[in-house]
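Colleague: Protein chains in written order, with our numbering: chain A, 7 to 144; chain B, 7 to 144; chain C, 5 to 85; chain D, 5 to 85.
In this text, a Cβ means the ideal position worked out from N, Cα and C, and glycines have one as well.
The model shown is predicted, which means the values in this text are computed figures rather than measured ones.
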Amino acid sequence: MPRFQLADTPFDTASLRAQLLDARVGGYASFEGWVRDHNDGRVVHGLRYESYTALAEAEGEKIVDEALAKFDVLDALCVHRVGDLAIGELAVWVGVSAAHRDAAFAACRYIIDEVKSRVPIWKHERYAEGDAGWLHPE
Amino acid sequence: MPRFQLADTPFDTASLRAQLLDARVGGYASFEGWVRDHNDGRVVHGLRYESYTALAEAEGEKIVDEALAKFDVLDALCVHRVGDLAIGELAVWVGVSAAHRDAAFAACRYIIDEVKSRVPIWKHERYAEGDAGWLHPE
Amino acid sequence: MTVRVTVLYFASLRDTAGMASESFDTAAPDLRVLYLELRARYGFELPVDRLRVAVDGAFARWDDAPRDGSEIAFIPPVSGG
Amino acid sequence: MTVRVTVLYFASLRDTAGMASESFDTAAPDLRVLYLELRARYGFELPVDRLRVAVDGAFARWDDAPRDGSEIAFIPPVSGG
């Protein structure tokens with residue numbers, strides 16, 4: 007089963023977390039990114055994520071594999087939403103299990119940082135003023 | 007409502023997480039400590055946490071307040087189990103919401119580190135060989 | 005020599021091009037020149053150094069030559085998470 | 005001068021003392037001496053420098069004098085989490 011997935015509908019984090027837990031786990035770190043009601047000082051009404059699916063899945067899987075190789079963790083999973091999202095909806099989830107917390111935190115942080123910088127997913131925000139636009143950060 | 011709590015029975019993390027979410031949240035970091043089946047090379051069959059309740063609650067609350075003051079976060083909660091726990095049970099949970107992930111991770115890490123080093127809770131482990139003992143780390 | 009390629013457009017590139025993909029014959033010697041030609045045609049704002057390029061679902065190099073039958077994607081700066 | 009105090013024992017201190025708390029009169033001039041007296045009586049393994057001390061539910065200093073009617077706890081190294 008892939009450790010990185012794109013989801014075009016809301017997904018359940020409890021069952022993802024349950025997949026990571028076994029008797030060797032001492033520390034479990036997770037991160038969730040939620041759709042905020044503002045960005046760069048502008049009021050956001052909602053957004054859409056678009057992906058280049060084949061490459062996003064391959065690059066996301068590569069990132070999770072890197073984390074498993076770099077850090078002393080037991081397992082890790084990441085899911086990223088695509089499609090239309092409302093304020094407050096879950097956009098991305100990362101979960102990491104490890105014997106100890108240092109490695110769990112480090113791997114969790116690595117995965118979200120790399121996903122945000124490398125995986126071909128783009129955010130399209132709709133603003134209160136009625137305009138909208140793609141985010142292509144410098 | 008207190009932001010640090012002791013729980014003498016299993017507790018639900020989903021409702022704790024729900025308390026932290028609002029439209030301003032962009033990043034949510036959480037950490038969970040689970041009872042492992044081994045510690046320092048010995049096979050563990052179960053454990054018990056004992057606390058000095060009044061001081062543990064006061065010190066835990068102080069730690070969460072420190073995290074809210076030190077880091078640019080929106081809110082934070084922490085719950086620690088006491089009493090008898092089986093392998094795989096949740097021992098401690100920390101959740102932090104923030105506009106951005108840097109602060110969410112930093113505050114989450116701060117809280118679990120300080121709770122482990124300062125809150126008067128003691129772990130009593132039962133080993134496969136039949137003996138048991140209190141952990142008083144150097 | 006020309007080869008037939010399919011180019012995928014994402015995010016602002018798709019909005020500007022007005023389509024998600026197109027197939028055409030190109031004589032561009034490498035992927036950099038191919039992008040520059042498309043940029044001139046459609047008026048893409050993003051310069052080459054802010055994009056990455058992928059071929060058949062894997063990241064590629066700008067000086068790779070377009071291969072016949074390949075699927076080429078120009079990847080604008082990403083903003084997931 | 006003696007004062008009446010209640011002492012709470014936790015974790016290994018409780019196992020060694022064989023009780024969770026006791027109340028007694030003490031003439032100890034400070035909390036350090038009080039612990040040393042109890043250590044001599046029960047044979048606690050932990051030296052003062054590995055403990056913290058609390059009075060009435062708040063951390064205190066070893067050179068504080070025991071107060072009449074107070075509840076004193078010697079805090080072994082903690083192991084929560």
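1) So the candidates are D:T6, D:T30, D:A24 and D:S83; which of them puts its Cα closest to the Cα of A77 of chain D?
2) Between the region 12-45 of chain B and chain E, which residues of the former have CB atoms less than 7 Å from a CB of the latter, in chain order?
3) Which term fits R23 of chain A, buried or exposed, when burial requires 16 or more other beta carbons within 10 angstroms of its beta carbon?
4) What in chain B is Cβ-close to A105 of chain A, meaning under 9 Å?
5) Apart from the five residues just before and just after A58 of chain D, which ones in its own chain have a Cβ nearer than 7 Å to its Cβ?
6) May I ask which residues mark the beginning and end of the beta strand (DSSP E) holding F78 of chain C?
7) Check E135 of chain B in the structure and name its three-state DSSP category.
8) Would you mind giving the Cβ-Cβ distance between D90 of chain B and G52 of chain B, rounded to the nearest angstrom? I have them listed as a contact below 8 Å.
9) Pull up the CB-CB distance for A70 of chain C and V9 of chain C, whole angstroms please, since I reckon it's below 8 Å.
10) Quick one: what's got a C-beta closer than 7 Å to A112 of chain B's C-beta in the same chain, skipping five residues either side?
11) Alpha carbons only, please: which of C:L35, C:A44 and C:R45 is nearest the one belonging to L55 of chain C?
12) Output the distance between the C-alpha atoms of Y55 of chain B and G73 of chain D, rounded to the nearest integer angstrom.
13) List the endpoints of the continuous alpha helix (DSSP H) containing G52 of chain A.
14) Using the Cα positions of H142 of chain A and A92 of chain B, report the straight-line distance between them to the nearest angstrom.
15) To the nearest angstrom, how far is the alpha carbon of R132 of chain B from that of V50 of chain B?
16) Since E90 of chain C is in the beta strand (DSSP E), which residue starts that stretch and which ends it?
17) Excluding five sequence neighbours on each side, which residues of the same chain lie with their C-beta closer than 7 Å to the C-beta of R30 of chain A?
18) Going by other Cβ atoms of all chains shown within 10 Å of its Cβ, with 16 needed for buried, is A44 of chain D buried or exposed?
19) Alpha carbon to alpha carbon, how far is A64 of chain B from F17 of chain A?
20) Give me the Cα-Cα distance between E67 of chain A and W140 of chain A, rounded to the nearest whole angstrom.
21) Counting only the same chain and skipping the five closest in sequence on each side, list residues whose C-beta sits under 6 Å from that of R124 of chain B.
22) Under 9 Å, Cβ to Cβ, is there at least one residue of chain B near F111 of chain A?
23) Using 8 Å for Cβ pairs, my map puts L26 of chain B next to L83 of chain B. What's the rounded Cβ distance?
24) According to DSSP, is S16 of chain D helix, strand or coil?
25) If you scan the region 17-89 of chain B from start to end, which runs of the alpha helix (DSSP H) of 4 or more residues do you find wholly inside it?
26) Starting from V37 of chain D and walking both ways along the alpha helix (DSSP H), at which residues does that stretch end?
27) Between C:P81, C:A21, C:T30 and C:A62, which has its C-alpha nearest M5 of chain C's C-alpha?
28) With 9 Å set as the bound, which would you pick, yes or no: does the beta-carbon of Y116 of chain B sit closer than that to a beta-carbon of chain D?
29) CA-CA distance, W99 of chain A and K129 of chain B?
30) Starting from A64 of chain D and walking both ways along the alpha helix (DSSP H), at which residues does that stretch end?
31) Which chain A residues sit within Cβ distance under 7 Å of L38 of chain C?
32) Which residues share a DSSP beta bridge with S103 of chain A?
33) Need the endpoints of the beta strand (DSSP E) that R56 of chain C sits in, please.
34) Output yes if chain A places a C-beta closer than 9 Å to the C-beta of P70 of chain C; else output no.
35) Among A:I118, A:V88 and A:Y58, which one has its Cα closest to the Cα of E72 of chain A?
Modeller: Put simply:
1) D:A24
2) No chain E appears in the structure shown, which is made up of the protein chains A, B, C and D.
3) buried
4) R42 and H44
5) A64, A77 and I79
6) E75 to I79
7) coil
8) 7 Å
9) Note that residue 70 of chain C corresponds to Pro in the displayed sequence, not to Ala. P70 of chain C to V9 of chain C, Cβ: 5 Å. Contact.
10) F77
11) C:L35
12) 28 Å
13) It is not in any alpha helix (DSSP H) - G52 of chain A instead sits in the beta strand (DSSP E) that spans R48 to S57.
14) 48 Å
15) 6 Å
16) No information on residue 90 of chain C is available, as it lies outside the stretch 5 to 85 that chain C covers here.
17) L80 and A105
18) exposed
19) 37 Å
20) 25 Å
21) E65
22) yes
23) 6 Å
24) helix
25) 19-26 and 59-76
26) L35 to Y46
27) C:T30
28) no
29) 31 Å
30) No alpha helix (DSSP H) holds A64 of chain D; DSSP gives it neither H nor E.
31) Going along chain A, no residue has its Cβ under 7 Å from L38 of chain C, so there is no contact; the nearest lies around 17 Å.
32) A:Y34 and A:D81
33) R56 to V59
34) no
35) A:I118
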